[in-house]
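Chains as they are written, first to last, in the numbering used here: chain A, 1 to 243; chain B, 244 to 480.
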């Protein structure tokens, strides 16, 4: 039984095909990294998994349950998401960002929610920032709160939508360290990212998506050292030139 | 032609301070009742205009357009004469005729709802869409997201617009003059229409203008404070 199974998923916006016949599966504790040029459908694919975007056809299974047969809020409780622009709740402190879901969705008592929030803030290295508001934190700190917020809901799967691409270069390291720790602890992660260092060190599988289709998929060594397709080679070459 | 300002006219206004004070009380009561009605109806109306659909949204939209497109004096006169408001008598001391007060509250309150609804709609729409998505992504329902994430931020952003609306409603309570409600302007007129007191028009009007100014100025400063107090730390609004 796979934790996540995506079968023949199609998605288009009007005339524009965004995803075409996408299929793959992830096991528990897998770290899947999706790479691909801008507009290749990476973010859309991620958003289809927690139904922020609905697919046109195909099927997606979480623990063998088709996600459209689940209540969407129940699905999202089990599938956490980390956003490119962090999207922290601007009117709440770092701690408040984490406790909101614990209180309102998981219905934990207040003390328990606060204790849990502080615990997760500690895990992302922000034990002393619980009372800070998002606008008082650096981008890297905000993103780590974003990760803690998603993690605290105790999800089966975490989605990362380009978590470091809105960050200044010197702030990326802290976020990647947290993601690497999570991978080592066995968190199942589906990541859209162009951080090739992270992909090499943490990914169990790398998928190259182009124009809504999976071009190539395999372990990072294989994709980076011996890609089967010229397109993969060209794209990864461009990326390593950039980073 | 008599001199414009006479000492005796100022003395006349001062000796009637209690009479004008009672009018001020009615003005304040009418402002509070109208703004409360406007808030209670306006904020849901703004939310419906953003999140609602179908007949409810179009109904809210149409009523808003009509209310914003009708002069306030027309509304107040219409409600006073056309609505079957029961005759509830007059409140002693402040001499406030209840059915005129209710008609004025409905007219000012409904119109204010139409404007407050627009203020709130704009505030909701100014909140980044990522806030709603982030709330939904941790499993909150749409209603929970609106209540815990969108609403607290939108209310903060609505305060400057609400401050304007407060000032407008306070000053527009004076149109209740048209239906004889004993608020500040009506009482002012009763003073200078007394036999031999037509020389005191300017003095009476200066005094009630000062009262209106003091009321708007002090409450606006108080609302400024409120805004600063609830501002989101580190934010630039």
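Heads up, the beta-carbon is just placed ideally off N, CA and C, and yes, glycines get one too.
Proximity of the stretch 381 to 390 of chain B to the stretch 314 to 327 of chain B falls short of the contact definition, fewer than three beta-carbon pairs being nearer than 8 angstroms. In this structure, B/426 is the residue among B/469, B/426, B/431 with its C-alpha nearest to the C-alpha of residue 273 of chain B. Per DSSP, residue 342 of chain B is one residue of the alpha helix (DSSP H) stretching across 341 to 369. For residue 187 of chain A, the closest Cβ of chain B is not nearer than 8 angstroms.
In this structure, the beta-carbon distance from residue 355 of chain B to residue 408 of chain B falls below 8 angstroms. Nearest CB-CB separation between residue 307 of chain B and chain A: not below the 8 angstroms threshold. Of the residues A/6, A/223, A/20, the one whose Cα lies closest to the Cα of residue 12 of chain A is A/20. For the stretch 50 to 71 of chain A, the beta-carbon criterion of a distance under 7 angstroms to any beta-carbon of chain B is satisfied by 50, 52.
Residue 31 of chain A: member of the beta strand (DSSP E) spanning 31 to 35, first to last residue. In this structure, residue 281 of chain B sits away from residue 396 of chain B, with a CB-CB distance that is not shorter than 8 angstroms. By the Cβ neighbour-count rule, residue 363 of chain B is buried, with 16 or more other Cβ atoms within 10 Å of its own. In this structure the stretch 35 to 46 of chain A touches the stretch 189 to 202 of chain A; the number of beta carbon pairs closer than 8 angstroms is three or more. Counted as a single uninterrupted DSSP element, the beta strand (DSSP E) harbouring residue 206 of chain A occupies residues 205 to 210.
For residue 293 of chain B, not one C-beta of chain A is nearer than 8 angstroms to its own C-beta. Beta-bridge partners of residue 333 of chain B (DSSP): B/340.
Counting only Cβ-Cβ distances below 7 angstroms, residue 387 of chain B has contacts in chain A at 104, in chain order. Between residue 346 of chain B and residue 322 of chain B, the gap from beta carbon to beta carbon is short of 8 angstroms. Bounds of the alpha helix (DSSP H) holding residue 72 of chain A are 72 to 78. Residue contact check for residue 179 of chain A against chain B: no CB pair falls below 8 angstroms. The residue among A/96, A/211, A/32, A/149 with its C-alpha nearest the C-alpha of residue 77 of chain A is A/149.
DSSP, reduced to helix, strand and coil, places residue 195 of chain A outside both helices and strands of the structure shown, so it counts as coil. For residue 339 of chain B, the closest alpha carbon among the candidates B/452, B/446, B/430 is that of B/430.
Looking at the DSSP output, residue 24 of chain A shares a beta bridge with A/6. Proximity to residue 341 of chain B across B/422, B/449, B/469, B/439 peaks at B/422, based on C-alpha coordinates. No Cβ-Cβ contact shorter than 8 angstroms links residue 232 of chain A with residue 24 of chain A. Annotation for residue 366 of chain B: 397, 400, 401 place their beta carbon closer than 7 angstroms to its own, counting only its chain and skipping 5 residues before and after. The continuous beta strand (DSSP E) containing residue 161 of chain A extends over residues 157 to 161. Interface annotation for the stretch 123 to 141 of chain A against chain B: 133, 135, 136, criterion Cβ-Cβ distance under 7 angstroms.
Ranking A/63, A/68, A/62 by CA distance to the CA of residue 55 of chain A puts A/68 first.
Of the other Cβ atoms in all chains shown, 16 or more fall within 10 Å of the Cβ of residue 91 of chain A; this residue is therefore buried. Cα atoms of residue 221 of chain A and residue 199 of chain A: separation of roughly 10 angstroms, rounded to the nearest angstrom.
Of the candidates B/353, B/332, B/289, B/353 places its Cα closest to the Cα of residue 309 of chain B. Contacts between residue 87 of chain A and chain B, judged by CB atoms closer than 7 angstroms, involve 373, 374, 376, 377 in chain order.
Under the three-state reduction of DSSP, residue 326 of chain B is assigned to coil, being neither helix nor strand. With 16 or more other Cβ atoms inside 10 Å of its own Cβ, residue 9 of chain A counts as buried. Annotation: the continuous alpha helix (DSSP H) that includes residue 432 of chain B extends over 427 to 435.
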